[in-house]
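K.L.:
I have a structure here, written as structure tokens, and I will follow up with some questions on it.
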Amino acid sequence: MTNPLFQPFTFKGLHLPNRIVMAPMTRSFSPNGIPGEDVAAYYRRRAEGGVGLIVTEGTGVERTGSTNDPNVPHFFGDALPGWGKVVTETHAGHGLIAPQLWHVGAARNHANPTPPEQESPSGLFKPGKPFGKAMTDSDVADAITAFADAAAAAKALGFDAVELHGAHGYLIDQFFWEGTNARDDRYGGPTIAERGRFAADILSAVRAAVGPDFPVIIRISQWKQQDYDFKIAHTPDAMTQWLRPLVDAGADILHCSQRRFWEPEFPELDGDAGLNFAGWAKKLTGVPTITVGSVGLSGEFIAGFGGEKSEPASIDNLLERLERKEFDLVGVGRALIVDPDWALKVRDGRMAELKEFDRSALATLV
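Each number in the working numbering comes from the position in the sequence shown (counting from 1) with 110 added on.
As structure tokens, then:
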């Protein structure tokens, strides 16, 4: 096909039929952390619907406080057989799948105000707001091991890749952010290279656990749930200092989360039509990138999850950027929550059949 969204993509053992990635989205349908047959069927439907690569909802690694919702799935122990079923069903639907490995750190969940003790770099939810406890040296080492163990389990279960959640103000991102990382050891410091050592050490441990040929993705963002306007990197040079060590440590693909994918990352340098976050990340590191952020829907996803209704929207700007090879893959979120056949409809030009997103869709697994 001439549509760049439906060109194949091959990289390091991933052979995708198109450029569509199902973005990770918390669904909270795994009681006591165990994904059941309904979860497996949910992912299979997206595979059958033509998604190139599915990234699961965030899954908690084996650390106290890695999740703050009892219905968010684990990725250890009794949860692993359920994830094996997810892999089997996804592959039966002719799809590829990666788990997203997660630790929420000191992130709050107002629906669950008393979770197990939360841990973070310095016991801060956001600058000046204490929550949970600061991690000791042994806590840091154990958390790194937990990510590596989960990645090894993913490979053993037959997953096709693995993704680390390093964005949105959760644990790995809390180490990146100077406002929540006040440590004075090797995992803290005034530079992003210093504060990024935690993520780099996780990536190194994951790479050792899965070997050289298994694809490793890391999701990153400038914005935080605690501060939507925050930026880690205000210049391309600062972004290089942030991202290059992650690639050197083992990241194969950078999953670059924006609230609105069409917004230029550094408009002061290249104008309103300039490269977005994924575009700059690819330019500066040379590795493939995934763009994501309100693809295919009006409005942005924070407002959408907050209750604002979103209508199907044009993807012409997306296709133009993809045609220019600004980025390699496209993360689709809310549109795939409401419609497992979104990819097939777009492929076939059935745009009138695309569905709107309303927060009520979060109450069921369609």
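Yeah, the Cβ is synthetic: ideal placement off N, Cα and C, and Gly gets one too.
In terms of residues, what are the limits of the beta strand (DSSP E) holding Ile312?
P.N.:
One-based indexing of the sequence shown puts residue 312 at position 202. Segment Arg307 to Val320 is the alpha helix (DSSP H) holding Ile312; no beta strand (DSSP E) there.
K.L.:
Confirm the yes/no value for this check: CB of Val442, any heavy atom of the ligand SAH, distance under 7 Å.
P.N.:
Ligands displayed in this structure: none; no statement on the ligand SAH is therefore possible.
K.L.:
DSSP three-state call for Val196: helix, strand or coil?
P.N.:
Against the sequence shown, residue 196 aligns to sequence position 86. Three-state result, Val196: helix.
K.L.:
Which residues bound the beta strand (DSSP E) around Gly170?
P.N.:
For the purposes of this step, residue 170 is identified with residue 60 of the sequence shown, where counting begins at 1. It spans Leu163 to Gly170 - the beta strand (DSSP E) in which Gly170 sits, taken as one unbroken run.
K.L.:
One question on the structure: do Leu356 and Ala310 come within less than 8 Å of each other, judged by their Cβ atoms?
P.N.:
On the sequence shown, position 246 is the one that residue 356 refers to. On the sequence shown, position 200 is the one that residue 310 refers to. Yes; because the gap between Cβ atoms is below 8 Å, this pair is in contact.
K.L.:
Report the three-state DSSP secondary structure of Val149 (helix, strand or coil).
P.N.:
As a first step, residue 149 is located in the sequence shown; it is residue number 39 there, counting from the start. It is helical.
K.L.:
Any contact of the stretch 432-441 with the stretch 122-137, i.e. 3+ C-beta pairs under 8 Å?
P.N.:
Yes, they touch.
K.L.:
Between Gln332 and the rest of its own chain, which residues show a CB-CB distance below 6 Å, the 5 nearest in sequence each way excluded?
P.N.:
Position 222 of the sequence shown, counting from 1, holds the residue named residue 332. Result list for Gln332: Lys341 and Ile342, in chain order.
K.L.:
Taking DSSP as the reference, what is the three-state secondary structure of Trp352?
P.N.:
Taking the sequence shown and counting its residues from 1, the one referred to as residue 352 is at position 242. Note: Trp352 maps to helix in three-state DSSP.
K.L.:
Are the stretch 363-379 and the stretch 416-425 in contact at 8 Å, needing three or more beta carbon pairs?
P.N.:
Touching, no.
K.L.:
Using the three-state DSSP reduction, which class does Asp358 fall into: helix, strand or coil?
P.N.:
Counting from one through the sequence shown, the residue named residue 358 turns up at place 248. Of the three classes helix, strand and coil, the one that applies to Asp358 here is helix, per DSSP.
K.L.:
What residue from Val397, Ile412, Thr345 and Gly459 has the CA that sits closest to Leu379's CA?
P.N.:
Counting from 1 along the sequence shown, the entry for residue 379 is found at position 269. Considering only alpha carbons, the answer is Thr345.
K.L.:
Whose C-alpha, out of Gly403, Thr399 and Lys465, is nearest the C-alpha of Thr120?
P.N.:
Taking the first residue of the sequence shown as 1, we reach residue 120 at position 10. Selected option, being the one with the closest Cα: Thr399.
K.L.:
Please identify the residue among Ala318, Gly203 and Gly396 whose C-alpha is closest to the C-alpha of Phe437.
P.N.:
Indexing the sequence shown from 1 puts residue 437 at position 327. Out of Ala318, Gly203 and Gly396, Gly396 has the C-alpha closest to the C-alpha of Phe437.
K.L.:
Please report the distance separating the alpha-carbon of His278 from that of Glu463.
P.N.:
Here residue 278 refers to the residue found at position 168 when the sequence shown is read from its first residue. Here residue 463 refers to the residue found at position 353 when the sequence shown is read from its first residue. So the alpha carbons of these two residues sit roughly 32 Å apart.
K.L.:
What are the partner residues of Gln210, as DSSP defines its beta bridges?
P.N.:
Counting from one through the sequence shown, the residue named residue 210 turns up at place 100. In the DSSP output, where bridge partners are listed per residue, Gln210 has Gly168 and Glu273.
K.L.:
My output table needs one value for Thr174: the three-state DSSP class, helix, strand or coil.
P.N.:
Counting from 1 along the sequence shown, the entry for residue 174 is found at position 64. Coil, per DSSP.
K.L.:
Which residue marks the beginning of the beta strand (DSSP E) containing Gln332, and which one marks its end?
P.N.:
Against the sequence shown, residue 332 aligns to sequence position 222. Its beta strand (DSSP E) spans residues Val326 to Lys334.
K.L.:
Ignore the nearest five residues each way along the sequence and tell me which others in Ala423's own chain have a CB closer than 7 Å to its CB.
P.N.:
The count along the sequence shown starts at 1 and reaches residue 423 at position 313. So the list reads Gly406, Leu407 and Ser408, once near-sequence residues are dropped.
K.L.:
Which two residues bound the contiguous alpha helix (DSSP H) that contains Leu364?
P.N.:
What you label residue 364 is simply residue 254 of the sequence shown in a count that begins at 1. Not the alpha helix (DSSP H): Leu364 falls in the beta strand (DSSP E), residues Ile363 to Ser367.
K.L.:
Restricting to Cα atoms, I'd like to know which of Trp212, Asp426, Gly360 and Lys393 is closest to Arg317.
P.N.:
Stepping through the sequence shown from its first residue, residue 317 is reached at position 207. Per the Cα distances, Gly360.
K.L.:
Going straight from the alpha carbon of Ile328 to that of Gly459, what length do you get?
P.N.:
Mapped onto the sequence shown, residue 328 falls at position 218. Mapped onto the sequence shown, residue 459 falls at position 349. Near 32 Å, if we compare the C-alpha coordinates of Gly459 and Ile328.
K.L.:
Count the other CB atoms, across all protein chains shown, that sit within 10 Å of the CB of Arg125; report buried if there are 16 or more and exposed otherwise.
P.N.:
Position 15 of the sequence shown, counting from 1, holds the residue named residue 125. Going by the sequence as given, residue 125 is His instead of Arg. Looking at its Cβ environment, which holds fewer than 16 other Cβ atoms inside 10 Å, His125 is exposed.
K.L.:
Counting pairs of beta carbons, one from the stretch 179-198 and one from the stretch 234-254, are three or more of them closer than 8 Å?
P.N.:
The answer is no - the stretch 234-254 does not touch the stretch 179-198, with fewer than three Cβ pairs under 8 Å.
K.L.:
What ranges does the beta strand (DSSP E) occupy inside the stretch 373-410, keeping only unbroken runs of at least 3 residues that lie completely in it?
P.N.:
Complete beta strand (DSSP E) runs here, min 3: 399-402.
K.L.:
Where does Leu428 sit, in a helix, a strand or coil, going by DSSP?
P.N.:
The residue given as residue 428 occupies position 318 in the sequence shown. In this structure, Leu428 counts as helix in the three-state DSSP scheme.
K.L.:
What did DSSP end up calling Ile240 once you bin it into helix, strand or coil?
P.N.:
Along the sequence shown, read from residue 1 onward, the residue named residue 240 stands at position 130. Note that residue 240 is Pro in the sequence shown here, rather than Ile. Looking at Pro240 - three-state DSSP - the assignment turns out to be strand.
K.L.:
Count the other C-beta atoms from every protein chain shown that fall within 10 angstroms of the C-beta of Met349, then say buried if there are 16 or more, exposed otherwise.
P.N.:
By one-based count along the sequence shown, residue 349 stands at place 239. Label assigned to Met349: buried.
K.L.:
I'd like the list of long-range same chain contacts for Ile282, defined as Cβ closer than 6 Å, with 5 residues on each side in sequence excluded.
P.N.:
Taking the sequence shown and counting its residues from 1, the one referred to as residue 282 is at position 172. The answer, listed in chain order, is Gly276 and Ala309.
K.L.:
Is it the case that the Cβ atoms of Ser420 and Phe467 are separated by a distance below 8 Å?
P.N.:
Position 310 of the sequence shown, counted from the start, is the residue given in the question as residue 420. Position 357 of the sequence shown, counted from the start, is the residue given in the question as residue 467. Their beta carbons are under 8 Å apart, which means Ser420 touches Phe467 by this criterion.
K.L.:
Going by DSSP in three states, Ser470 sits in which element: helix, strand or coil?
P.N.:
Sequence index remark: in the sequence shown, residue 470 carries index 360 (1-based). Reduced to three states, the DSSP call for Ser470 is helix.
K.L.:
Helix, strand or coil for Pro141? Go by DSSP, reduced to three states.
P.N.:
Here the question's residue 141 lines up with position 31 in the sequence shown. If DSSP states are grouped into helix, strand and coil, Pro141 belongs with the helices.
K.L.:
Rounded C-beta distance between Pro450 and Arg155? I'm assuming under 8 Å.
P.N.:
Numbered from its first residue, the sequence shown carries residue 450 at position 340. Numbered from its first residue, the sequence shown carries residue 155 at position 45. Confirmed, about 4 Å.
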